[in-house]
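What follows is a set of notes on a single structure, which appears directly below.
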Amino acid sequence: MNSLISESRGRPGDDPIFTINAAANARKAQGEPVINASLGALLDDDGSLSVMPTVFEAFQAVPAQQAAAYAPIAGDPPFLEAVRRDAFGSGSMFENSVAAATPGGTGALLNAMMNFLEPGQSIYTSSYYWSPYRIIAGHNRRGVETFPMFDGAGAGAFHLEAFEEGLVAQLRRQGRALVILNFPCHNPTGYTLDEKEWRGVAAALGRASEHGSVALVVDLAYAAFGTQSPSLWVDAMETVCDRVAVLAAWTASKSFAQYGARVGALVASIPDPAHRADVENAISYTCRGSWSNCNHLGLLAVSHLLTDEGLRARVAGEREALVSLLSERVDAFNTAAIARGLIYPRYEGGFFVSVFTPDATETARVAAVDGVYVVPMDGAVRVALCAVSSADVPRLVDAVSRGVDAANLSKDKAHA
Ligand SMILES: Cc1ncc(COP(=O)(O)O)c(C=O)c1O
Numbered sequence: 010m011n012s013l014i015s016e017s018r019g020r021p022g023d024d025p026i027f028t029i030n031a032a033a034n035a036r037k038a039q040g041e042p043v044i045n046a047s048l049g050a051l052l053d054d055d056g057s058l059s060v061m062p063t064v065f066e067a068f069q070a071v072p073a074q075q076a077a078a079y080a081p082i083a084g085d086p087p088f089l090e091a092v093r094r095d096a097f098g099s100g101s102m103f104e105n106s107v108a109a110a111t112p113g114g115t116g117a118l119l120n121a122m123m124n125f126l127e128p129g130q131s132i133y134t135s136s137y138y139w140s141p142y143r144i145i146a147g148h149n150r151r152g153v154e155t156f157p158m159f160d161g162a163g164a165g166a167f168h169l170e171a172f173e174e175g176l177v178a179q180l181r182r183q184g185r186a187l188v189i190l191n192f193p194c195h196n197p198t199g200y201t202l203d204e205k206e207w208r209g210v211a212a213a214l215g216r217a218s219e220h221g222s223v224a225l226v227v228d229l230a231y232a233a234f235g236t237q238s239p240s241l242w243v244d245a246m247e248t249v250c251d252r253v254a255v256l257a258a259w260t261a262s263k264s265f266a267q268y269g270a271r272v273g274a275l276v277a278s279i280p281d282p283a284h285r286a287d288v289e290n291a292i293s294y295t296c297r298g299s300w301s302n303c304n305h306l307g308l309l310a311v312s313h314l315l316t317d318e319g320l321r322a323r324v325a326g327e328r329e330a331l332v333s334l335l336s337e338r339v340d341a342f343n344t345a346a347i348a349r350g351l352i353y354p355r356y357e358g359g360f361f362v363s364v365f366t367p368d369a370t371e372t373a374r375v376a377a378v379d380g381v382y383v384v385p386m387d388g389a390v391r392v393a394l395c396a397v398s399s400a401d402v403p404r405l406v407d408a409v410s411r412g413v414d415a416a417n418l419s420k421d422k423a424h425a
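Per our numbering: the sequence shown = residues 10 to 425.
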């Protein structure tokens with residue numbers, strides 16, 4: 010007899026991306042010249058994980074007695090103030106904000122879903138999204154609804170009209186909405202909203218809030234790797250933060266290259282003081298009811314890295330070097346992909362880009378025959394440039410391009 014409850018049976022044992030990664034590594038171990046563009050961690054050109062030395066210094070400097078002690082449930086106040094400032098700058102959204110420490114951005118997203126949606130309701134996000142959104146939502150009795158991310162055929166631009174239309178329709182049904190937008194540097198497409206698009210999103214949220222309660226979570230996972238000023242989205246949201254709860258899923262995973270430290274926070278700007286206090290209690294309560302408290306060593310170290318001017322400047326320099334490394338790959342990709350006629354969204358920075366294809370499974374299969382591993386999704390393959398040296402980018406683009414050609418050929422045959 011199966012002792013699992015019915016909904017827990019038949020769960021996939023591993024994330025499909027980790028399965029692709031394992032296949033790529035198995036061939037690499039046989040000595041094959043594999044390009045593994047599956048996993049979302051920033052690697053140096055020699056394939057080793059990129060790290061920031063100053064971050065480790067800060068971890069080592071935390072006194073043992075403090076590191077070993079439990080953190081406060083919601084996180085240490087200096088950490089919370091530092092992430093509020095890092096997310097919102099120094100304007101009114103910062104002044105009106107509260108926060109709770111979470112295990113990475115993942116914990117922040119879970120916390121938001123638990124507190125800003127009723128059980129049975131759905132988050133609202135773009136049609137391309139980080140697939141764990143669905144796992145986190147589903148595991149917590151919430152669902153996922155999407156809007157078509159891009160307008161028109163081919164690469165397209167952010168589909169603002171579809172965003173607003175779907176949001177209003179959802180508000181009419183649910184009476185509330187929790188919008189999750191992962192910009193700058195969207196995973197998996199690489200897209201970053203420009204200033205006009207951020208303003209368009211803010212205006213749409215403001216109008217939609219006439220139909221029900223609207224909360225927006227900006228998932229900042231890769232924001233530090235964009236070329237855009239962080240104040241762009243904050244300035245846009247300042248115009249509607251009196252009507253829309255503006256939240257940020259903040260994480261040190263990528264911005265401090267500390268994927269394993271599990272340091273993050275949910276930050277929420279709520280203008281009304283009584284409402285703000287209620288939100289502060291609610292998000293702290295969710296911490297207690299899930300992971301209890303976070304990695305204290307990580308919280309203390311990251312808090313020093315954010316507040317000590319000297320450490321902050323050194324980390325900024327180390328991060329800048331990683332952003333440049335990634336930018337070289339982005340440039341190499343754009344050059345090669347344009348030359349090959351690949352169709353993909355505007356891509357200016359970030360760990361990933363997606364290439365559109367009529368048959369993603371076929372495209373990924375053909376690329377893998379050439380030793381290039383990418384992740385198939387609905388209508389596109391995701392390419393993790395964070396893990397590929399610039400020198401390897403032309404070979405990667407060639408293989409993906411052959412994969413897209415093969416997919417087009419089989420589509421044409423099917424239609425003949
Ligand atoms: C879009 C997106 N959001 C959030 C996360 C959360 O990462 P973490 O929990 O490590 O902060 C990731 C990690 O890959 C991501 O890709």
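Where a beta carbon is used, it is the ideal one built from N, C-alpha and C, also for glycine.
Span separating the alpha-carbon of ASP251 from that of ALA108: 18 angstroms
Is it true that the CB of ALA46 sits closer than 8 angstroms to the CB of VAL339? no
Which residues mark the beginning and the end of the beta strand (DSSP E) in which PHE365 is found? 361-365
Closer than 8 angstroms is the cut-off here; do at least three beta carbon pairs connect the stretch 368-381 with the stretch 215-228? no
When DSSP labels each residue in this structure, what does SER299 get in the three-state scheme? coil
Please find out if some non-hydrogen atom of ligand 1 comes closer than 7 angstroms to the beta-carbon of ALA109. no
Quick one: grab the DSSP three-state call for TYR142. helix
Buried versus exposed call for SER264 [16 or more other C-beta atoms within 10 Å across all chains shown]: buried
Measuring only between beta-carbons, confirm whether ALA400 sits less than 8 angstroms from chain C. Among the chains in the structure shown there is no chain C, since it carries only a single protein chain.
If distances are taken between C-alpha atoms only, which option among ALA217, ALA233, GLU318 comes closest to ALA186? ALA217
Could you please give the first and the last residue of the uninterrupted beta strand (DSSP E) stretch that includes ILE451? The structure shown has nothing for residue 451, since the chain only spans 10 to 425.
Is the Cβ-Cβ distance between ASP401 and ILE44 less than 8 angstroms? yes
Are the beta-carbon atoms belonging to GLN237 and THR201 less than 8 angstroms from one another? yes
Around the Cβ of GLY326, are there at least 16 other Cβ atoms within 10 angstroms (buried) or fewer (exposed)? exposed
GLY113 classed as buried or exposed, judged by whether at least 16 other C-beta atoms fall within 10 angstroms: buried
To the nearest angstrom, report how far apart PHE463 and MET246 are at their CA atoms. There is no way to answer for residue 463, as the model of the chain reaches only from 10 to 425.
Once DSSP output is grouped into helix, strand and coil, what is the label at GLY165? coil
Please list, in chain order, all residues with a C-beta atom less than 6 angstroms from at least one heavy atom of ligand 1. GLY49, GLY113, GLY114, THR115, TRP139, ASN191, ASN196, ASP228, ALA230, THR260, SER262, TYR268, GLY273
How about ILE189 and LEU119: are their beta carbons less than 8 angstroms apart? no
State the DSSP-derived secondary structure class of GLU66, mapped to helix, strand or coil. helix
Counting only the same chain and skipping the five closest in sequence on each side, list residues whose C-beta sits under 8 angstroms from that of LYS37. VAL43, ASN45
Apply the 10 Å Cβ neighbour rule to TYR137 and answer buried if 16 or more other Cβ atoms are within range, or exposed otherwise. buried
May I have the straight-line CA-CA distance separating GLY307 from ALA270, to the nearest angstrom? 6 angstroms
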